[in-house]
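Student: What follows is a structure written as structure tokens; I'll ask about it next.
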Amino acid sequence: MTQGFQGVIGLEIHVQLNCATKMFCNCPNRPGDEPNRNTCPICLWLPGNLPRFSQEALEKATLACLALNCQIQEKSAFDQKVYYYPDLPKGYQLSQFHRPLARNGWLDIVGEDGNSQRIRIQKIHMEEDVARLVHEKEGRTPVSLVDFNRAGTPLVEIVTEPDLHSPRDAMEFLRVLRTQLRYSECSQCSMEQGSMRVDANVSVRPLGRDLLNPKVEIKNMNSIRHVGDAIAFEMDRQVECVRGGEPVVMHTRLWEPDARITVPMRGKFEGPCVPDPSVPPVVVEDSWLQEIIQKMPEMPGAKVERFVTRYGLTHEEAQHMSSEREVSGYFEKALDHEAPPRLAAQWIATQLLPLLKERDVSLETTSLDPGRFAGLLFMLGREEINVNAARDVLKRLLESTATAAEIVDQCGYRQVSGAEELEALVDRVLAENPSAVENFRKGASKAMGFLMGQAMQASKGKANPRVLKELMTKKLG
Amino acid sequence: MHSEVFSHVDPAPVAAKSEGGLLGKRVGVQSLFCVQGWPCEGGSRALKGFVPLEDATVVQRVKGEGGVLVGNTHCSELGLGVTRDSAARAVAEKHVDAAFMIDVLGEARMAAARAGLFGFKPSWGRISRFGLTGLAPSMECCGILAARWKDISAIFSAIASFDERDPSMVVPSELVAEGAQTGSGRNGMVAGFFPQSLERLSSEEREAFSLALGELEGAGVTLRQVEMKEFHLFPVAHQVIASVEASSSCGKYDGVRFGHRATGAKNWNDMYVKTRRESFGLLLKTFLFQGAYFQFENYAAFENACRIRARLVQETRKFFRELDMLVIPTQDNARDAFQARSLKELYSAFSCTLPANVTGQPALSLPGLFRSAGRDMGLQVVGSYLEDEKLFSLADRLVAHREGSA
């Protein structure tokens, strides 16, 4: 539908920092608590109070900037973004408009064509969140209630350059961004839970041109999927406008997830931003910055490379193992307990994580420690058990505190690999299924699968499939 | 309980402590200073019924040093100007030994001068502003008025230590560094005066000012005439910046959590508009409109004012390489701050006191030295930024000299 046109997309991403306190007072940073529990005269903005900037907020914000390859500015400052709305009872939001904490960052994404593409980040600034409005009805009267738990909680806003051109790239960028930020442990970055909020600025232009048309801002997407859907819808809508000769005007639209459309919200209002006279400029000393840099973990890019060269993982496996910090931590701990690397990567990705998800636990909360998990892979690697048995043992490991070896012995999972034992079994199966043997010899290779299945069943699942197949092939050949 | 002097009086004022540097000193504060459990209405419907949950740092420190908090004095709306202020009267009529006033344009010095009192404005960042319900954070300070000079220096030492609750306070280490820079090895005191500050004085007033300078010389102060060509820019820079800051500061007066709230509004926006219309008086409204104009419509003018301010600060500090203080009249007879009902009159009347607010320097209005037509005009000495103590030693010397000659 958008043939001949290209989307020009920039994102503005608000990320809640997981600090212990709010940005300008010592109230707990727990917006989800019982309404108005986490408040004080400062975050209620009662007269006479002065904001006191939290060092922890600066530290977490700096981690976010470093994770996104930004240049930290030596001096930044807070401004007052003036607007009047019930969620902002002091009349302005403290935000770093004129002098942001960091500039000139970037993230690489893999584009649709498989090539790496660099997306530039224009700036990252700190700001306080506003209060939350709850709209209810008292009888027939609609009432709006204000919950100040969120007022003054620390945020960073990440502003990209308009370097993205498709919904898919925008979604890919957000996934990479989320991974990077989660790694730096400055935020949970959950769009579903509101700790990451994304607004998209979208315009379209004929392919091959580099003009920037009036952009439309879209809000209210609460998952990465929705961001993609909303951008796709908006691009279609704008292309239709352009084709119909209707001008696109700058405004804000809301994504309606049920109807899967965007609807106009309001004319774009840009309040003034004046320097705040109360919060002193934020000065980042180089020695302090070096300390923060020391605190940065190995980031996913470097980790993937190391996993490939050091453990011999494929690129894809390495990426899986690096996608989350807790996954990579678990993976490497399992290797410390002598799990074979590739087996560990495959089993974590395809077996363990899905099982944990079913049980609604995470790698951090599961009772299955990397040591016991490694014990299972160790046995599998040495063919002491086969894959089917290993799957069963894994389930049992999740339910008990026994080691893999104990479960294997108690439940008789140990694989039968002895050629003598298996030879008798193969002979018996071939004798019992003469027609299948006949078919195989006539060239129906499918019959081999049937015979293997029969043999495996006869061994109660314990036969080593590799040895079994060798024997079977020899006997039939 | 209230009276012409006090908007709120403690019925049984007692010292919270039986020892300390301010033992038994009676102190009054404008109703813009937070005192736990006392109404803090700042002369405005916008603050009607507001009762702070805790003490301002200066209040807490007065209590902690054995001082007695007597009551809240009346003030002009949110402390802008002095027309309705009763702090000086409370001191002059001996209800209190000292009074605290927010000094944003020079209100504390002005009120003190008129009543024949000492009026002191500290360097910005020397006395905590935590708990002060002000208008223009970058301009204002806690001013102190007293009849006896010693009371001011005693109160300053009791309340001026670092307070982590005010992020604009100068940290002690910077205080030492800054002092070391400008605290040249001069012996004696060198005071500068400049003709631009005397232009609007009548000939009679000029003569009186010369006499006052003579008194300074008598006390061992060396005088030097200097030029301050951009003196006329101080009020402009002040007005633009302070009005913008005030416009933001007053954003919190929405009538929802405290203060007057209009009835009969159609929706929340209408309620805000009506509430604010009914809450503020004309002078303050004019000021806020002006600030909003610069915020929303003419931000470039605001940026210019900030640049001019930075230049004025630089220029003024240059003087202090060779001077210990500047001597300026606090007021003159032609322009009466107590009658100032418009912004124009207000800024005209305070044109000699507000430069210290623009630059953040300490300033002291001395009584009894500069008198004309039977009125005390107040002789203002402006010290070097953060060198408040140096200003005190001059005052000590002058007071001792006058007592000696009396």
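Quick note, the sequences are listed as chains A and B, same order. Residue numbers for the first sequence follow my numbering, beginning at 808 and rising by one. Residue numbers for the second sequence follow my numbering, beginning at 10 and rising by one. Even for Gly, the Cβ is constructed at its ideal location relative to N, Cα and C.
(1) Please name the residue in A:E1124, A:P1054, A:V1244, A:S1174 whose C-alpha comes closest to that of I1155 of chain A.
(2) Can you tell me whether I1099 of chain A is helix, strand or coil according to DSSP?
(3) Would you mind telling me which residues of chain A sit closer than 7 Å to E214 of chain B, beta carbon to beta carbon, in chain order?
(4) Could you check whether the Cβ of G369 of chain B sits closer than 7 Å to any Cβ belonging to chain A?
(5) From V434 of chain B to S132 of chain B, what distance separates their C-alpha atoms?
(6) Have a look at B:A319, B:Q45, B:I111 and flag the residue whose alpha-carbon is nearest the alpha-carbon of S85 of chain B.
(7) For the putative contact between C826 of chain A and A864 of chain A, defined by C-beta atoms under 8 Å, what is the C-beta separation to the nearest angstrom?
(8) Which residues, in chain order, does the region 831-864 of chain A contribute to contact with chain B at a C-beta distance below 8 Å?
(9) Quick check on the DSSP output: the alpha helix (DSSP H) that includes L32 of chain B runs from which residue to which?
(10) Taking 7 Å as the cut-off, decide whether the C-beta atoms of P838 of chain A and T960 of chain A are in contact.
(11) If you compare alpha carbons, which of A:R939, A:V1055, A:P1147 is closest to T846 of chain A?
(12) Tell me, to the nearest whole angstrom, how far the beta carbon of L962 of chain A is from that of H821 of chain A; I am working on the premise that it is less than 8 Å.
(13) Check whether chain A comes within 7 Å of Q304 of chain B, counting only Cβ atoms and requiring the distance to be less than that.
(14) Can at least three beta-carbon pairs, one atom from the region 864-874 of chain A and one from the region 968-981 of chain A, be found at a separation below 8 Å?
(15) Name the DSSP beta bridge partners of C1080 of chain A, please?
(16) At which residues does the beta strand (DSSP E) containing A155 of chain B begin and terminate?
(17) How big is the Cα-Cα spacing for V1081 of chain A and C259 of chain B?
(18) Using a Cβ cut-off of 7 Å (strictly closer), state whether Y891 of chain A contacts chain B.
(19) Can you check whether the CB of A1196 of chain A is closer than 7 Å to the CB of Y1220 of chain A?
(20) Which stretch, first to last residue, makes up the alpha helix (DSSP H) that contains L1237 of chain A?
(21) Whose CA, out of A:E945, A:L818, A:P858, A:I965, lies closest to the CA of A1318 of chain A?
(22) So, helix, strand or coil for G73 of chain B, using DSSP?
(23) How would you list, in chain order, the residues of chain B whose beta-carbon sits under 8 Å from the beta-carbon of Q887 of chain A?
(24) Shorter than 7 Å from the beta carbon of G912 of chain A to some beta carbon of chain B?
(25) Does DSSP classify T1210 of chain A as helix, strand or coil?
(26) Tell me the DSSP bridge mates of V336 of chain B?
(27) Within the continuous beta strand (DSSP E) that includes N1008 of chain A, where are the two ends?
(28) State the Cα-Cα distance for the pair T66 of chain B and F15 of chain B, rounded to the nearest angstrom.
(29) What distance in whole Å lies between the Cβ atoms of F218 of chain B and L207 of chain B, which are believed to be in contact at a cut-off of 8 Å?
(30) Under a Cβ-count criterion, where at least 16 other Cβ atoms within 10 Å of its own Cβ denotes burial, should Q348 of chain B be classed as buried or exposed?
(31) Say yes only if the C-beta of V44 of chain B is nearer than 6 Å to one or more non-hydrogen atoms of the ligand MG, and no if none qualify.
(32) Residues of chain A with CB under 7 Å from V265 of chain B, in chain order?
(33) What three-state label does DSSP hand K1075 of chain A in the structure shown?
(34) Check each candidate in A:R1149, A:R1032, A:E1105 and name the one with the smallest Cα separation from E1131 of chain A.
(35) Taking the alpha carbon of E254 of chain B as the point to measure from, which residue in A:D1065, A:P842, A:A1251, A:V889 has its own alpha carbon closest?
(36) Under 7 Å between C-beta atoms, does G140 of chain B make it to chain A?
Tutor: By the coordinates alone:
(1) The shortest Cα separation from I1155 of chain A among A:E1124, A:P1054, A:V1244, A:S1174 belongs to A:E1124.
(2) In the structure shown, I1099 of chain A sits in a helix (DSSP, three-state: H, G or I).
(3) Those within 7 Å of E214 of chain B in chain A number zero; the least Cβ separation is about 35 Å.
(4) With 7 Å as the cut-off, G369 of chain B does not count as an interface residue toward chain A.
(5) Outside the shown range of chain B, which is 10 to 415, sits residue 434 of chain B, and nothing can be said about it.
(6) Out of B:A319, B:Q45, B:I111, B:I111 has the C-alpha closest to the C-alpha of S85 of chain B.
(7) Correct: roughly 5 Å between the Cβ atoms.
(8) When CB distances to chain B are screened at a threshold of 8 Å, the residues of the region 831-864 of chain A falling below it are P848, L851, W852, L853, P854, G855, N856, L857, P858, R859, F860, in chain order.
(9) Counting along the chain, no alpha helix (DSSP H) covers L32 of chain B, and no H or E run does either.
(10) Note that the C-beta distance between P838 of chain A and T960 of chain A is below 7 Å.
(11) Of the candidates A:R939, A:V1055, A:P1147, the residue whose Cα lies closest to the Cα of T846 of chain A is A:R939.
(12) Beta-carbon to beta-carbon, L962 of chain A and H821 of chain A are separated by about 5 Å, close enough to satisfy the 8 Å threshold.
(13) Yes, because at least one Cβ of chain A sits closer than 7 Å to the Cβ of Q304 of chain B.
(14) Judged by Cβ distances under 8 Å, the region 864-874 of chain A makes no contact with the region 968-981 of chain A, as fewer than three pairs qualify.
(15) BP columns for C1080 of chain A point to A:K888.
(16) Going by DSSP, A155 of chain B is part of the beta strand (DSSP E) stretching over 150-155.
(17) Each residue's alpha carbon lies about 14 Å from the other.
(18) Yes, Y891 of chain A counts as interfacial toward chain B.
(19) The answer is yes: Cβ separation under 7 Å.
(20) Here the alpha helix (DSSP H) through L1237 of chain A covers 1226-1239.
(21) In the structure displayed, chain A extends from 808 to 1284; residue 1318 of chain A sits before or after that span and is not available.
(22) Helix.
(23) Contacts between Q887 of chain A and chain B, judged by CB atoms closer than 8 Å, involve S257 in chain order.
(24) No, because no Cβ of chain B sits closer than 7 Å to the Cβ of G912 of chain A.
(25) Here T1210 of chain A sits in coil by DSSP.
(26) BP columns for V336 of chain B point to B:V390.
(27) Element bounds for N1008 of chain A: 1003-1013.
(28) Whole-angstrom Cα-Cα distance: 21 Å.
(29) Going by Cβ atoms, the distance from L207 of chain B to F218 of chain B rounds to 6 Å, so yes, they are a contact pair.
(30) Exposed, by the Cβ-count rule.
(31) Only the bare structure without any ligand can be found here, which leaves the ligand MG out of the picture.
(32) Those are P896, listed as they occur along chain A.
(33) Note on K1075 of chain A: pLDDT 49, under 50, position unreliable in the model; no value is reported.
(34) Checking every option, the nearest Cα to that of E1131 of chain A belongs to A:E1105.
(35) Minimum Cα distance to E254 of chain B is reached at A:V889.
(36) At least one chain A Cβ lies under 7 Å of G140 of chain B.
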